[in-house]
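One structure is given here, and the rest of the page talks about it.
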Amino acid sequence: MPPDTVRGLTEALARVPSHEDEAAAGEFIEDWLATETAASVSRDEHGNVIARLGTGGPSLALVGHHDVVAPDESQLDGEEYRVEERDGRLYGRGTADMKGAVAAMMLAMRDAEPGAELVFASFVGEESGGIGAQAAIDDGFAPDVAVVGEGSTSYSEPGVLDVAIAHKGRRGSTISATGESAHASEPAAGTNAIYRATDAVDVIREVEPPQRTVFDRELTGSLVVTEIEGGSGWNVVPDRCEVTVDERTVPGSRADLGQVEDIEGVSWSVDQDLPPMECDDEAFAELVLEAAASVQGGTPEAVVKPHATDAGWLAAAGTTCVVCGPAEPGEAHTATESVSLDVLDRAYRTYRDLADAWPEPLV
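So the sequence shown is numbered by the numbering used here: it starts at 2 and just counts up by one.
Encoded structure:
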């Protein structure tokens, strides 16, 4: 019998390995939705699972991803992932990030009776920069509004399921400096690439990261040099040096890192650019907050997240987004990853109640 509770479905889905190949997890989700819901279900050529229920009116999407990072050895159980319940929490790779939220959304698809189109999407490749979300968007995935089930719990208070109305993006870039090698006993005969690179680092240290206010919440970016590599020997003036910069971006503006190219021999290139997100409809954010408030004793708040999610890609493509999910700060990607069963149930009821009422609260 297919699992029919949020705990059972989370455990079953979390046991399926999906760090190297998401196909088995995608097949599990597709088969469960096809069997247990009235939705039309498909798995595209990329491996994304998309289900649709109802037609007409504004579309609400419940969005997650079923890929995970590589498990710790302690999280393996033969060919499956190990999942264990202890002290009201479900432990295992993917329980928090984010198969628990995916399971909750699958059950919401089964149980809700929306008045307009309800969409479920579980993407591949989120941990690789959102490649599944990007592919789906390129193929025409364009819901009007979306709840992305990444973690938003315990931001305002421990155990409270909050709603993130914005998050930072991540731009990773490389500063490359070139020079001329020479013997270290005659440094003036060469041009030291490390010196040029550190001159660029000095410039970066003076750059003020941009800020953004979203519904009276402050979102502040950051810049930090995380790696430096250069030189070929202890007695050689280096002719090359590379510096890695991790930049957390905010909606609407970016730090001016290109100014480092004013330094002779220095160039700058972007290696990764994950977009930030801000909700562009305060009424929708309030609607999700009301749904979350109705299923818990604590009062959820509109918060901001420091991490990039697939909501960034969706928002950039024109979908109004918020993030609401059971994972807590510090749980994802750890050897002790876990999710609270109580919060997981509240997330399910939030998704279900929001979907069940859709779109009446906006009329």
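Here a beta-carbon is modelled for each residue, glycine too, at the ideal position from N, C-alpha and C.
- Residue range 194-207 is occupied by the alpha helix (DSSP H) that includes THR199.
- Around the CB of HIS184, fewer than 16 other CB atoms lie within 10 Å, so the residue is classed as exposed.
- Pairwise C-beta distances place the stretch 119-135 in contact with the stretch 43-63, as three or more of them are shorter than 8 Å.
- Around the CB of PHE216, fewer than 16 other CB atoms lie within 10 Å, so the residue is classed as exposed.
- Taking a contact as a CB-CB distance under 8 Å, the pair ALA328 and ALA97 counts as one, their CB atoms being some 4 Å apart.
- GLY259 and SER157 have their alpha carbons spaced roughly 37 Å apart.
- Between PRO72 and ARG44 a beta carbon distance of about 23 Å is seen, past the 8 Å cut, so the two are scored as non-contacting.
- Taking a contact as a CB-CB distance under 8 Å, the pair ARG90 and SER270 does not count as one, their CB atoms being some 43 Å apart.
- DSSP, reduced to helix, strand and coil, places TRP269 within a strand of the structure shown.
- The DSSP-derived three-state label of ARG16 is coil.
- The shortest CA-to-CA distance from ASP282 to any of ILE229, VAL146, HIS66 and ALA309 is the one to VAL146.
- The shortest CA-to-CA distance from LEU345 to any of ALA137, LEU108, ALA40 and HIS168 is the one to LEU108.
- Our two residues, ALA134 and GLY234, have alpha carbons roughly 44 Å apart in a direct line.
- Nearest Cα to ALA40 within the set SER295, GLU80, ASP263 and PRO115: PRO115.
- Secondary-structure assignment with DSSP links PHE29 through no beta bridge to anything.
- Residue state for ARG94 is assigned as coil, using DSSP reduced to three classes.
- Closest in alpha carbon position to GLY152, among ASP88, VAL246, LYS100 and GLU207, is LYS100.
- Distance from the CA of THR320 to the CA of ALA137, rounded to the nearest whole angstrom, comes to 13 Å.
- Looking at the DSSP output, GLY170 bridges to THR250.
- The beta carbon of LEU315 lies closer than 6 Å to those of ALA147 and CYS322 in the same chain, with the five residues before and after it left out.
- Annotation for LEU224: ILE205, VAL208, PRO210, VAL246, GLU248 and ALA256 place their beta carbon closer than 7 Å to its own, counting only its chain and skipping 5 residues before and after.
- Around the beta-carbon of GLN76, 16 or more other beta-carbon atoms lie within 10 Å, marking it buried.
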